[in-house]
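**Student:**
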Amino acid sequence: KAGVTQTPRYLIKTRGQQVTLSCSPISGHRSVSWYQQTPGQGLQFLFEYFSETQRNKGNFPGRFSGRQFSNSRSEMNVSTLELGDSALYLCASSFSFRGGSTDTQYFGPGTRLTVL
Amino acid sequence: GESVGLHLPTLSVQEGDNSIINCAYSNSASDYFIWYKQESGKGPQFIIDIRSNMDKRQGQRVTVLLNKTVKHLSLQIAATQPGDSAVYFCADSPSGAGSYQLTFGKGTKLSVIP
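Chains as they are written, first to last, in my numbering: chain A, 1 to 116; chain B, 117 to 230.
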């Protein structure tokens, strides 16, 4: 079974631009979460989607948004990019949201965003 | 919620020895805990998880111990191999959140000496 895929893997943008990152979950998984990883702050939860609905959101400004499609694929968007948005953006999928005893989150390889 | 912390930022072990990576969590509402391994340039890789109704869980060469009394989690790796060199993260998830919403520790870098 294929793992979580994220595109693009690397991205360079300039301040003020916006960016859209894509995530395809493991086949059959319906929940997708996004995390930001930086050397200073570590891994931080951005938001989680299940059945096209945002279930939870982390402590990030409104410039960070996301959505999930009917096929469970998800995108996240960052508008008006700032230098501090440079990070590895990770997507994780699970079958459900804190579902059965055998469910857990699996991560993709991430998208490395550099803001100049 | 509060962040999960780690006792040691780096750990060096001889190949073949056992490794123990520790983690302290502060959210008493957390009831689900995961260990991830992250190699350079890759996303976190699931190692093992444990729910709060258990104290110990074993996998292949790995064991996770949970002490809810002192809010402590540990990962034991048996017969550590060079391929185990990576950064290890613990993460917790609060009950009732309706989602995983993982809170991660800052990570412990494990270096295996051949």
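Each residue gets a CB set at the ideal place from its N, CA and C atoms; glycine is no exception.
1) From what residue to what residue does the beta strand (DSSP E) around Ser146 of chain B run?
2) Check the C-beta distance from Asp208 of chain B over to Thr196 of chain B and give it rounded, since I have them as a contact under 8 Å.
3) Quick check: what's the CA-CA separation for Leu182 of chain B versus Met170 of chain B?
4) If you pair each beta-carbon of the region 51 to 68 of chain A with each one of the region 162 to 181 of chain B, do three or more pairs fall below 8 Å?
5) How many angstroms separate the CA atom of Ser135 of chain B from the CA atom of Leu21 of chain A?
6) How about the region 58 to 78 of chain A and the region 171 to 178 of chain B: do they share at least three Cβ pairs that are nearer than 8 Å?
7) When burial is assigned at 16 or more other CB atoms within 10 Å of the CB, is Leu189 of chain B buried or exposed?
8) For Gln68 of chain A, which beta-bridge partners are listed by DSSP?
9) Where does Val32 of chain A land, buried or exposed, given buried means 16+ other C-beta within 10 angstroms?
10) Looking at Arg30 of chain A: is its Cβ nearer than 8 Å to the Cβ of Phe50 of chain A?
11) Roughly how many angstroms separate the alpha carbons of Gln36 of chain A and Gln130 of chain B, rounded to a whole number?
12) Taking Cβ-Cβ distances shorter than 9 Å, what residues in chain B pair up with Pro61 of chain A?
13) Going by beta carbon distance, what residues of the same chain come within less than 7 Å of Pro230 of chain B, once the five residues before and after it are set aside?
14) Return helix, strand or coil for Asp85 of chain A, following the three-state DSSP convention.
15) Looking at the secondary structure, which residues open and close the beta strand (DSSP E) in which Glu48 of chain A lies?
16) Could you give the residue range of the beta strand (DSSP E) that holds Asp208 of chain B?
**Tutor:** If we stick to the structure as given:
1) Reading the second sequence from its first residue, position 30 is the one you call residue 146 of chain B. Residues Ser146 to Gln154.
2) Translated into positions along the second sequence, residue 208 of chain B becomes position 92. Translated into positions along the second sequence, residue 196 of chain B becomes position 80. Taking a contact as a CB-CB distance under 8 Å, the pair Asp208 of chain B and Thr196 of chain B does not count as one, their CB atoms being some 24 Å apart.
3) Within the second sequence, numbered from 1, the residue matching residue 182 of chain B stands at position 66. Within the second sequence, numbered from 1, the residue matching residue 170 of chain B stands at position 54. Leu182 of chain B and Met170 of chain B: Cα-Cα distance of roughly 7 Å.
4) Touching, no, given that fewer than three Cβ pairs across the two stretches are closer than 8 Å.
5) Locating residue 135 of chain B in the second sequence gives position 19, counting from the first residue. Locating residue 21 of chain A in the first sequence gives position 21, counting from the first residue. Going from the Cα of Ser135 of chain B to the Cα of Leu21 of chain A covers about 37 Å.
6) Between the region 58 to 78 of chain A and the region 171 to 178 of chain B there are fewer than three inter-stretch CB-CB distances shorter than 8 Å, so the stretches are not counted as touching.
7) To locate residue 189 of chain B, count along the second sequence from 1; it is residue 73. So Leu189 of chain B counts as buried.
8) Along the first sequence, read from residue 1 onward, the residue named residue 68 of chain A stands at position 68. Answer is A:Ser74.
9) As a working mapping, residue 32 of chain A is identified with position 32 in the first sequence. Under this definition Val32 of chain A is a buried residue.
10) Taking the first sequence and counting its residues from 1, the one referred to as residue 30 of chain A is at position 30. Taking the first sequence and counting its residues from 1, the one referred to as residue 50 of chain A is at position 50. Their beta carbons are under 8 Å apart, which means Arg30 of chain A touches Phe50 of chain A by this criterion.
11) Residue mapping note: residue 36 of chain A aligns to position 36 of the first sequence, counting from 1. Residue mapping note: residue 130 of chain B aligns to position 14 of the second sequence, counting from 1. The alpha-carbon atoms of Gln36 of chain A and Gln130 of chain B are separated by roughly 33 Å.
12) The residue you call residue 61 of chain A lines up with position 61 of the first sequence. Against chain B, the beta carbon of Pro61 of chain A has no neighbour under 9 Å; the closest one sits roughly 18 Å away.
13) As a working mapping, residue 230 of chain B is identified with position 114 in the second sequence. Setting aside the 5 residues that flank it on each side, Pro230 of chain B is surrounded in the same chain by Glu131 and Pro198, each with a C-beta closer than 7 Å to its C-beta; the list follows chain order.
14) On the first sequence, residue 85 of chain A is found 85 positions in, with the first residue counted as 1. The three-state secondary structure of Asp85 of chain A, taken from DSSP, is helix.
15) Position 48 of the first sequence, counting from 1, holds the residue named residue 48 of chain A. Glu48 of chain A -> beta strand (DSSP E) spans Gly42 to Phe50.
16) Looking up residue 208 of chain B in the second sequence gives position 92. Counting along the chain, Asp208 of chain B sits inside the beta strand (DSSP E) bounded by residues Ala202 to Pro210.
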